[in-house]
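Read through the structure below, which is laid out as structure tokens, and then see the notes.
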């Protein structure tokens with residue numbers, strides 16, 4: 001009886017040892033099938049600008065948000081206050097205090113570091129090259145190459161300041177645009193007294209800033225694509241046909 005139990009135990013051990021590789025292989029194949037099904041069924045969701053900031057459109061520099069909300073951006077440029085005299089600094093501070101105390105609508109400030117855009121400077125230099133003396137022309141060409149290198153390498157950055165003017169209404173974008181333009185003009189007068197220049201961003205500049213906030217460090221800008229005609233529905237090309245004599 002004892003030998004029979006021993007042989008049965010031995011047989012059970014052999015069967016268990018033989019079944020372990022088969023069970024392991026079956027379990028792995030089942031897990032792989034599950035993973036393939038999971039990977040096949042998983043589709044990454046596309047993130048839209050509307051989902052992040054609820055922006056529906058940008059028209060004439062006006063940011064149109066969902067729910068009847070509108071925003072306008074102003075770029076600021078000011079002199080270094082430390083380069084001013086004591087009396088001028090006091091005048092700037094008083095002007096800013098007067099402006100803030102007289103505000104009847106909310107404003108938001110935005111400060112960001114942006115790569116220097118030298119395209120406008122390069123274009124102005126190229127347009128005036130023919131007026132320069134030949135001895136200065138070589139220096140001008142080196143200067144243009146240097147500016148273009150800065151733009152391509154994006155090694156130089158500058159801090160930019162903006163003001164965001166919010167306005168909520170259910171009367172449509174035209175009414176919001178007129179109201180925000182009036183607010184921007186009122187702010188411009190007060191800022192000018194404080195030696196601060198303000199500029200309303202147009203649609204390409206607004207889209208560039210939004211793109212910069214979401215894609216820092218990239219050299220491509222949406223306005224470059226727009227200038228190249230990417231957003232145009234039709235492209236018309238002129239072709240000259242030479243007639244045989």
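Numbering (my numbering), first residue to last: 1 to 245. Don't be surprised by glycine CBs; every beta carbon is placed ideally from N, CA and C.
Could you tell me which residues DSSP puts in a beta bridge with residue 112? 160
Within the continuous beta strand (DSSP E) that includes residue 202, where are the two ends? Where residue 202 is concerned, there is no enclosing beta strand (DSSP E), given that its DSSP letter is neither H nor E.
Opening and closing residue of the alpha helix (DSSP H) in which residue 122 lies: 119 to 127
With the cut-off set at 8 Å, would you say residue 61 and residue 189 are in Cβ contact? no
Mind the definition here: the stretch 173 to 183 touches the stretch 131 to 145 only if three or more C-beta pairs lie below 8 Å; say whether that holds. no
Whole angstroms is fine: what's the gap from residue 207's alpha carbon to residue 196's? 24 Å
Touching by the beta-carbon criterion (3+ pairs, under 8 Å), the stretch 125 to 139 and the stretch 157 to 171: no
Which whole-angstrom value is the C-beta distance of residue 65 and residue 107, which I expect to be below 8 Å? At roughly 16 Å, the Cβ-Cβ gap does not stay under 8 Å, so residue 65 and residue 107 are not in contact.
Say whether chain D places a C-beta atom closer than 8 Å to the C-beta of residue 109. Looking at the structure shown, chain D is missing, and only one protein chain is on hand.
In this structure, how does DSSP classify residue 85 when only helix, strand and coil are distinguished? coil
Quick check on DSSP: helix, strand or coil for residue 75? strand
CB of residue 161 within 8 Å of CB of residue 111, strictly: yes
Less than 8 Å separating the beta-carbons of residue 92 and residue 194? yes
Closest by CA to residue 81, which one among 73, 90, 187? 90
Residue range of the alpha helix (DSSP H) that residue 80 falls in? Taken as a continuous stretch (DSSP letters only), residue 80 belongs to no alpha helix (DSSP H), as it is neither H nor E.
Compare the beta carbon distance of residue 99 and residue 163 with 8 Å and say whether it is the shorter of the two. no
Quick one: is residue 183 buried, meaning 16 or more other Cβ sit within 10 Å of its Cβ, or exposed? buried
What number of angstroms, rounded off, separates the C-alpha of residue 132 from the C-alpha of residue 140? 9 Å
Can you look up residue 56 in the DSSP assignment and give me helix, strand or coil? strand
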